[in-house]
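Protein chains in written order, with our numbering: chain A, 4 to 336; chain B, 16 to 267. Cβ atoms here follow ideal geometry from the backbone N, Cα and C, with glycine treated the same way. Quick notes on the structure that follows.
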Amino acid sequence: MRNVCVATIVLLGCLLALALLPLFAEKYYIQLFTKMMLMAIFAMSLDLLVGYTGLVSLGHAAFFGLAGYALAFAAPQYEAASLWLSLPLAMAGSALLALVIGVLVLRTSGIYFIMVTLAFAQMVFFVFHDTKIAGGADGIYVYAKPVAAIAGWEPFSLENYTHFYFVVLVLLVLVYASLRMLLASLFGRVIVGIRVNEQRMRSLGYRTFRYKLVCFVIAGALAGMAGYFAAAQFGFVSPDTLGWHQSGGVLMMVILGGMGTLNGAILGAFAMMLLELGFQGLPAVGGVNIGKHWQLFMGGFIVFAVLLLPHGLLGLGRLASRLRPKSAEAGDD
Amino acid sequence: MTEAVLRTERLTKHFGGLAAVNDVSLDFFTDQIHALIGPNGAGKTTLANLLSGDLAPTSGGIYLDGEDIAGLSAERISQRGVGRSYQKTNIFLPFTAFENCRLAAQSRLPSSMRFTRPAPRYEEVSREALRALAEVGLDHRAEVPAATLSHGEQRQLEIAMTLATRPRILLLDEPLAGMGSEESARMVELLQRLKRAHAMLLVEHDMDAVFALADRLTVMVNGCVLESGSPDAIRASAAVQEAYLGTEEAAA
């Protein structure tokens with residue numbers, strides 16, 4: 004009980020810090036944190052599959068990237084798209100892609116599932132990479148950010164980076180709360196049951212395929228939400244946004260933070276991006292630019308984290324609470 | 016006699032060249048325990064797997080209330096009222112005993128595609144789970160993670176989960192395996208009680224329990240039915256003596 008309280012206080016503290024950040028941070032950091040929150044949404048959507056349902060997908064970027072392309076299509080040339088029209092459209096596109104891929108890949112499991120999700124995502128990658136439909140390998144610009152106007156009234160403007168930041172913060176909170184609700188529901192109990200023992204779920208009478216498919220579609224749509232705003236923020240979409248590198252990166256975030264916890268997915272996304280910056284900023288030593296080789300340090304850190312923290316970075320908190328004398332048993336979350 | 020709730024007709028399952036279940040025709044009635052015995056590898060568990068839909072038969076029919084269900088998926092057969100417990104304990108180890116049964120009871124809701132209302136608020140589901148736990152005598156262990164239950168308790172939980180799905184037919188694969196004598200006695204009493212409202216297939220090695228419980232006995236050897244009849248008839252059968260009971264006594 005006490006751990007639940009501590010976790011809630013920490014969570015609210017983080018939220019408060021994020022809400023106050025634009026008051027004192029420079030533009031660069033506001034935009035950086037916007038990007039980190041988008042990756043956190045992306046990571047949570049993947050965690051729903053990997054950590055809760057037990058479906059290790061190595062093709063999740065396909066849904067992220069496709070929504071970015073959807074925005075690019077919705078905002079041709081210099082005309083801005085309507086947020087209220089293009090966002091649902093982009094998410095529906097990702098959901099539809101997830102439905103089609105899901106029907107095909109969810110018949111497999113384990114290592115085969117990893118391989119077929121990768122294969123399908125690569126197919127989507129090459130559709131955008133090798134054809135001229137959206138600039139091919141060069142990618143495509145999104146010149147104007149989506150407009151949030153409703154009948155002439157504009158509640159906020161995504162061209163304003165502070166507005167953009169708060170929109171993404173609200174979305175982060177909404178996605179987090181919705182997933183929390185989802186996981187506590189009957190549906191949530193079923194998907195966790197599938198992760199633990201799918202065969203038994205079937206013998207109890209659950210049509211597990213349907214639940215996995217719905218879960219896959221929800222995760223795809225949420226990844227699409229993140230990808231849509233990432234494209235809007237960056238102003239550019241390239242095939243790399245739906246490549247396996249991106250899929251692997253977000254999977255790493257989930258693993259680093261701690262699988263099967265939403266907090267872990269958020270923490271993993273933030274930690275990974277901050278670490279990347281930290282390693283890139285390493286100074287040159289004796290004429291050798293260490294920062295240039297940041298991936299080396301990143302790889303080393305991840306190996307270290309996986310070896311020492313089987314429950315991810317969140318496991319650190321749990322470890323700390325266990326070391327404290329008289330502390331109650333570690334909570335479930 | 017009334018019509019059989021569950022009936023197999025020339026049921027056969029091949030694994031490559033091996034006929035694990037060969038030409039088996041049996042029937043099951045409510046208020047009757049039909050025990051299945053035979054040496055290891057006789058095909059008893061495979062037969063249970065065929066009936067529960069965990070395996071699809073190579074040929075032959077399975078009739079539930081006269082309707083052929085052979086080849087249907089495990090989830091559909093479960094929804095039609097066939098409850099299965101496994102020889103090798105098959106539960107959700109990280110969950111509490113209660114959550115194991117709650118999940119089992121939840122499967123009887125028309126749909127679990129419910130995304131907003133918290134699961135504990137479905138009180139009828141929770142009640143059903145507690146009822147099943149109480150039935151096997153595990154209610155005092157409801158909040159204990161299944162992984163930390165004793166082996167015997169896990170076996171009881173396995174049965175409780177099956178009961179929480181409110182089946183009409185019970186397929187119990189060695190429910191007494193690894194139980195202490197006290198737990199065994201309790202389980203025998205429970206099965207006796209359950210018999211009244213259920214048709215039951217009991218695969219069991221504990222001969223004392225089998226002869227105490229069974230209304231009918233079928234002996235399987237090498238995938239085939241060697242003999243089927245009342246316990247007394249089986250005890251008297253020379254073929255059974257030779258093939259099964261005799262060798263066991265000789266070994267003992």
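Chain-ordered chain B contacts of residue i [CB-CB under 8 Å]
i                      : result
residue 199 of chain A : 107, 108, 109, 110
residue 217 of chain A : 128
Identified DSSP bridge partners for residue i
i                      : result
residue 292 of chain A : A:287
residue 28 of chain B  : B:36
residue 98 of chain B  : B:185
residue 133 of chain B : A:188
residue 240 of chain A : A:143
residue 22 of chain B  : B:42, B:78
residue 156 of chain A : A:153
residue 85 of chain A  : A:150
Pairwise C-alpha distance: residue j and residue i
i                      : j                      : result
residue 98 of chain B  : residue 231 of chain A : 47 Å
residue 122 of chain B : residue 63 of chain B  : 21 Å
residue 237 of chain B : residue 103 of chain B : 21 Å
residue 41 of chain B  : residue 49 of chain B  : 9 Å
residue 220 of chain B : residue 193 of chain B : 11 Å
residue 29 of chain A  : residue 238 of chain A : 20 Å
residue 69 of chain B  : residue 88 of chain B  : 7 Å
residue 151 of chain B : residue 172 of chain B : 8 Å
residue 177 of chain B : residue 120 of chain B : 9 Å
residue 73 of chain A  : residue 81 of chain B  : 54 Å
residue 276 of chain A : residue 101 of chain A : 26 Å
residue 155 of chain B : residue 164 of chain B : 12 Å
residue 180 of chain A : residue 71 of chain A  : 24 Å
residue 307 of chain A : residue 114 of chain A : 24 Å
residue 234 of chain A : residue 88 of chain A  : 16 Å
residue 240 of chain B : residue 199 of chain B : 27 Å
residue 143 of chain B : residue 149 of chain B : 10 Å
residue 46 of chain A  : residue 292 of chain A : 31 Å
residue 249 of chain B : residue 242 of chain B : 7 Å
residue 256 of chain B : residue 100 of chain B : 29 Å
residue 54 of chain B  : residue 190 of chain B : 17 Å
Interface residues of chain B facing residue i [CB-CB closer than 9 Å]
i                      : result
residue 108 of chain A : Within chain B, no residue comes near residue 108 of chain A; the closest Cβ sits about 19 Å away, beyond 9 Å.
residue 1 of chain A   : Residue 1 of chain A lies beyond the range of chain A shown here (4 to 336); nothing can be said about it.
Partner residues on chain A for residue i, Cβ-Cβ distance less than 9 Å
i                      : result
residue 169 of chain B : The contacting residues do not exist; residue 169 of chain B stays about 13 Å from chain A at best.
residue 93 of chain B  : 205, 206, 207, 208, 209
residue 60 of chain B  : Going along chain A, no residue has its Cβ under 9 Å from residue 60 of chain B, so there is no contact; the nearest lies around 14 Å.
N-terminal and C-terminal residue of the beta strand (DSSP E) that residue i is part of
i                      : result
residue 234 of chain B : 231-236
residue 218 of chain B : 214-218
residue 243 of chain B : 239-244
7 Å Cβ cut-off: residues of chain A touching residue i
i                      : result
residue 130 of chain B : 185, 188, 190
residue 99 of chain B  : 206
residue 89 of chain B  : 205, 206
residue 69 of chain B  : 206
Continuous alpha helix (DSSP H) stretch holding residue i: start and end
i                      : result
residue 298 of chain A : 297-311
residue 142 of chain B : 138-151
residue 209 of chain B : 196-210
residue 114 of chain B : 112-121
residue 47 of chain A  : 30-50
residue 315 of chain A : 315-326
residue 155 of chain B : Run containing residue 155 of chain B: none; DSSP gives neither H nor E here.
residue 171 of chain B : 166-179
residue 55 of chain A  : It is not in any alpha helix (DSSP H) - residue 55 of chain A carries neither H nor E in the DSSP assignment.
residue 257 of chain A : 247-260
Contacts of residue i in chain B (Cβ-Cβ under 7 Å)
i                      : result
residue 193 of chain A : 127
residue 7 of chain A   : Ordered by position in chain B, no residue passes the 7 Å Cβ test against residue 7 of chain A, which lies about 16 Å from the chain.
residue 127 of chain A : Going along chain B, no residue has its Cβ under 7 Å from residue 127 of chain A, so there is no contact; the nearest lies around 27 Å.
residue 196 of chain A : 107, 118
Residue i Cβ short of 7 Å to the ligand NAP heavy atom set
i                     : result
residue 61 of chain A : The model on display carries no ligand, and the ligand NAP is accordingly not part of it.
Under 8 Å by beta carbon: chain A residues contacting residue i
i                      : result
residue 121 of chain B : 189, 192, 193
residue 134 of chain B : 187, 188, 189, 191, 192
residue 180 of chain B : 207, 208
residue 137 of chain B : 189
>> Quick check for students: name the residue ranges of the alpha helix (DSSP H) that lie wholly in the stretch 99-136 of chain A, counting only runs of 4 or more.
In response: Complete alpha helix (DSSP H) runs here, min 4: 114-133.
>> Report the start-end ranges of each alpha helix (DSSP H) in the stretch 33-90 of chain B that is 4 residues or longer and not cut off at the edges.
In response: Listed in chain order, they are 59-67.
>> Going residue by residue through the stretch 192-245 of chain A, where are the continuous alpha helix (DSSP H) segments of at least 4 residues, counting only ones entirely within it?
In response: Correct list: 211-237.
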